[in-house]
Structure formats: C-alpha cells, structure tokens
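Take the sequence shown: its letters are residues 1 to 360, numbered as in full-length UniProt numbering. For reference, the structure discussed in these notes is given below.
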Amino acid sequence: MTEIVKKKPRSSNIELYRILVMLSIVAHHYVVNSGLMNADGPLFANPTSTNSIFYLILGMWGKTGINCFVLITGFFMCFSNISLRKYLKLYLEVKFYRYIILFVFACVGMTAISGGALLKRLLPFSSITDSFTNAFMAFFLFIPFLNILIKGMDKTKHLLLLILCITIYSGFYQIPGLHLHYNYLSWFIILYILGSYIRIYGLFRNENVMFWGGGAFVSIILSIGSVFVCLRLNLPVYAFVGESLAFMSIITSVSLFMFFKNLRIGYSRIINIIGASTFGVFLIHTSGDEMRHWLWYDFIDVVGHYDAPSYALYAIGSILAIFLTCSIIDICRIYVLEKPLFNFLDKKLGDKQIYTGKVL
Numbered sequence: 001m002t003e004i005v006k007k008k009p010r011s012s013n014i015e016l017y018r019i020l021v022m023l024s025i026v027a028h029h030y031v032v033n034s035g036l037m038n039a040d041g042p043l044f045a046n047p048t049s050t051n052s053i054f055y056l057i058l059g060m061w062g063k064t065g066i067n068c069f070v071l072i073t074g075f076f077m078c079f080s081n082i083s084l085r086k087y088l089k090l091y092l093e094v095k096f097y098r099y100i101i102l103f104v105f106a107c108v109g110m111t112a113i114s115g116g117a118l119l120k121r122l123l124p125f126s127s128i129t130d131s132f133t134n135a136f137m138a139f140f141l142f143i144p145f146l147n148i149l150i151k152g153m154d155k156t157k158h159l160l161l162l163i164l165c166i167t168i169y170s171g172f173y174q175i176p177g178l179h180l181h182y183n184y185l186s187w188f189i190i191l192y193i194l195g196s197y198i199r200i201y202g203l204f205r206n207e208n209v210m211f212w213g214g215g216a217f218v219s220i221i222l223s224i225g226s227v228f229v230c231l232r233l234n235l236p237v238y239a240f241v242g243e244s245l246a247f248m249s250i251i252t253s254v255s256l257f258m259f260f261k262n263l264r265i266g267y268s269r270i271i272n273i274i275g276a277s278t279f280g281v282f283l284i285h286t287s288g289d290e291m292r293h294w295l296w297y298d299f300i301d302v303v304g305h306y307d308a309p310s311y312a313l314y315a316i317g318s319i320l321a322i323f324l325t326c327s328i329i330d331i332c333r334i335y336v337l338e339k340p341l342f343n344f345l346d347k348k349l350g351d352k353q354i355y356t357g358k359v360l
C-alpha cells in the first residue's frame with residue numbers, strides 16, 4: 001500500500017514573491033512586446049519625456065524576474081526528487097495552453113494550422129536559445145543530475161563553482177568586446193546552483209530581513225539609475241538590466257529573494273492559490289506571436305495610449321487585468337483538469353518508482 005504524505009503548503013511569503021515577480025514580467029512585456037521600443041516607436045522619439053521614463057522603468061524588470069523564478073526552483077528543488085509525475089505536470093500545462101490558444105486563433109482566422117506544426121508542438125521543447133518555456137522544460141531534466149553534483153560538493157567547491165560560472169558569464173557579458181553568447185538553459189543551471197547554495201549554506205546575514213530589504217531597495221534604485229545613465233551616455237537603455245546575466249539583474253533578484261525568503265507574513269490560502277497560477281499566467285500571455293500581436297497591438301493598443309492623459313493608470317490597470325484574467329483561467333485549469341487527472345494517475349501509478357522519482 002502506498003503511503004500518502006500530505007505536504008505542507010509553500011510559505012505565503014515566497015508565493016507573494018512569485019506574484020510580484022510575474023506582475024513585473026507582464027509589465028516588461030507591456031513595454032518591450034508592444035511596439036513602444038521599436039526603432040520607429042514613440043518611446044525613443046523622445047526618450048527623456050515623462051511618458052518614456054515611466055515606460056522604461058515599468059518595463060525594465062523582465063530579465064530580473066526570470067532570475068527570481070529560477071532561484072525559487074533551485075532553492076526548493078535541490079533536496080527534491082524529479083519524477084515523471086512532476087515533469088508530466090509541467091509538460092501537460094505547457095502543451096494545454098499552446099494547443100488551446102493555437103486552436104482559438106485558428107478559429108478566428110488569425111493563424112493557420114498545419115500537421116507539421118501540430119506535431120512539432122508535441123515535443124517537450126525545441127529552441128532553447130531565446131524561449132524561457134522551452135529552456136525551462138529542458139533545464140528541468142537536468143535537475144536530478146545537478147542534485148547529485150550538489151550533494152557531492154562541499155561548501156568550498158560549491159562556492160568556487162558558483163564564482164567561476166558567474167564570473168565567466170556575467171563578467172564577460174559586462175565587458176565591451178568580450179560578449180559571451182549564451183542560452184537560457186546554461187544560465188538556468190547556474191541560477192540553480194546559486195539557489196541551491198542559498199538553501200544549503202545561506203548568504204551573508206542570511207536571516208536578516210532588514211539587511212536584505214535594504215539591499216533590495218538600493219539595488220532597485222541603482223538599476224533605475226542605470227537607465228538614466230545609459231540615456232545620458234547614449235548607451236543601450238537597458239545595458240545593465242537587459243539580460244538575465246547582467247550584474248544588476250543578478251544582484252536585484254538575489255536581494256529580493258533573500259528579503260522575501262525571510263519575510264514573515266503568515267499563511268494565506270488566497271496568496272498560495274494565486275501564486276500557484278503564476279506560471280500559467282506566463283504561458284497564456286506569451287503563447288506565440290499571434291497572442292503577442294493581438295494582446296499588445298490590437299486589444300490593449302499600448303502604442304495608441306502612449307501619450308493618453310491617463311497613460312500610467314491605463315498601463316497599470318491593463319497589467320493587473322491581464323494578470324488576474326490569466327490567473328483565473330489557470331486556477332480553473334488546475335481544479336477542473338489537473339487535480340482530477342493526477343488524482344487518477346496517483347491511484348494507478350503511485351507505487352511506480354519512475355513516477356514517484358525514486359530512481360535517482
């Protein structure tokens with residue numbers, strides 16, 4: 001008879017962190033996927049205007065947000081087994097939205113469906129260069145082996161490996177003429193090593209919420225300041241935050257993670273339920289070129305509201321509405337489809353080692 005162990009719900013502080021991070025990612029897409037930052041877009045026509053500064057600050061946190069999400073994975077998964085059950089849950093969530101949204105857009109005549117495209121979408125992942133979802137699905141398969149590596153290292157080796165990886169990736173990225181080409185998969189592995197180090201050994205003043213809150217505040221201010229510096233020096237506006245391996249993206253994501261890790265807000269079922277839907281929010285609003293064009297160009301019409309009298313309220317309201325709508329959709333999927341399906345599979349396969357993750 002299979003022993004069923006009821007897991008404690010994740011702390012609401014981390015789930016609140018996930019919610020805020022996903023809101024920052026939606027805000028990032030509001031700015032960078034809407035045409036505002038195109039060469040002929042309105043933002044760079046007058047980059048120092050109040051409107052443009054607002055949008056630049058609103059949209060600068062996307063790559064930092066990606067770091068935050070993967071740090072959470074490293075922190076929680078470094079002591080866990082990766083099972084067929086966990087990967088199947090991830091795979092089915094991704095494919096559910098890719099197929100459903102594809103069929104919706106096909107029905108309204110916004111895209112065409114081919115047999116080859118349908119078969120390709122069955123693959124767990126394709127390109128891992130610039131797709132967060134594809135890279136994350138590939139990265140997930142490495143976690144059991146990363147955990148073996150992590151368990152085989154002492155603190156000194158773990159730290160030296162971390163320093164080596166970040167120095168090569170982030171250091172070379174920041175030096176002009178030494179730009180290192182990278183993909184999300186390799187960077188996620190480095191972030192996983194960082195997240196696991198925090199979980200096992202902690203960082204300086206590991207439990208000090210005030211210290212890390214102050215550090216997060218300072219890093220956010222410095223990140224914002226970097227945008228003004230880049231505008232002043234005629235550099236790429238997101239030079240210090242525009243990639244996940246940029247210094248300020250790393251520092252800000254780690255500081256924020258340490259702050260929320262130590263924040264004590266108690267358990268909130270509502271926060272935990274919404275937090276569990278954040279990956280679904282990402283999948284829905286980023287599910288292909290058709291969705292991006294329809295959402296930001298046609299439905300929200302971001303460029304058309306660039307200089308509207310209430311442009312800031314319109315932007316914030318749109319971001320919140322997208323997040324809440326996608327969250328409600330994903331919560332319905334979880335309770336109507338995912339939970340019944342996995343309750344059934346748990347009964348049928350609950351004693352299989354590959355299903356429960358006891359192989360490695």
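From the three backbone atoms N, C-alpha and C, an ideal C-beta is built for every residue, glycine too.
Check: When DSSP labels each residue in this structure, what does T129 get in the three-state scheme?
Finding: coil
Note to self: What would DSSP say about Y91, mapped onto helix, strand or coil?
What the structure shows: helix
Note to self: Judging by CA-CA distance, which residue of D154, D130, F240, D301 is the nearest neighbour of S186?
What the structure shows: D130
Margin query: Our contact map puts Y297 next to N51 with C-beta atoms below 8 Å; I'd like the distance itself, whole angstroms only.
Written below: Not really, about 18 Å apart at Cβ, beyond 8 Å.
Next item on the list: Can you give me the start and stop residues for the alpha helix (DSSP H) that S253 sits inside?
Entry: 247-262
Checklist line | Distance between beta carbons of L84 and Y335, contact taken as under 8 Å | finding: Wrong, their Cβ atoms sit about 22 Å apart, outside the cutoff.
Margin query: Can you check which of these residues, H29, L16, C230, N46, is closest to I300 by C-alpha distance?
Written below: H29
Margin query: If I follow the unbroken alpha helix (DSSP H) through N343, where does it start and stop?
Written below: 339-349
Next item on the list: Consult DSSP for M60 and reduce its assignment to one of helix, strand or coil.
Entry: coil
Check: Quick one: what does DSSP say M291 is sitting in, helix, strand or coil?
Finding: helix
Next item on the list: Buried or exposed for V281, please, with buried defined as at least 16 other CB atoms from any protein chain shown within 10 angstroms of its CB.
Entry: buried
Item checked: Given I250 as reference, the closest of L20, G65, V21 once Cα atoms are compared -> G65
Notebook entry, point to check: Which of helix, strand or coil does DSSP assign to F204?
Noted result: coil
Next item on the list: Locate the alpha helix (DSSP H) running through R269, then write down its first and last residues.
Entry: 269-276
Notebook entry, point to check: What are the start and end residues of the alpha helix (DSSP H) that includes V229?
Noted result: 209-233
Next item on the list: Return the chain-ordered list of same chain residues with a C-beta closer than 6 Å to the C-beta of I193, the five sequence neighbours on each side being excluded.
Entry: L162
Check: Since L245 and S170 are thought to touch, with beta carbons under 8 Å apart, how far apart are those beta carbons, to the nearest angstrom?
Finding: 5 Å
Item checked: Contacting residues, own chain, Cβ-Cβ under 6 Å from A138 (five flanking each side not counted) -> F125, I128, L185
Checklist line | N-terminal and C-terminal residue of the alpha helix (DSSP H) that R18 is part of | finding: 12-32
Margin query: Going by DSSP in three states, L194 sits in which element: helix, strand or coil?
Written below: helix
Item checked: Best match in N206, G275, L313 for proximity to L263 [C-alpha to C-alpha] -> N206
Notebook entry, point to check: Among I14, V26, E15, K155, which one has its Cα closest to the Cα of T325?
Noted result: V26
Next item on the list: Since I believe G195 is in contact with V70 (beta carbons under 8 Å), could you give me their beta-carbon distance rounded to a whole number of angstroms?
Entry: 7 Å
Check: Using DSSP with H/G/I as helix, E/B as strand and the rest coil, what is residue 420?
Finding: In the structure as shown, the chain starts at 1 and stops at 360, and residue 420 therefore has no counterpart that could be examined.
Next item on the list: Report the rounded CA-to-CA distance for L159 versus A117, giving the unit in angstroms.
Entry: 43 Å
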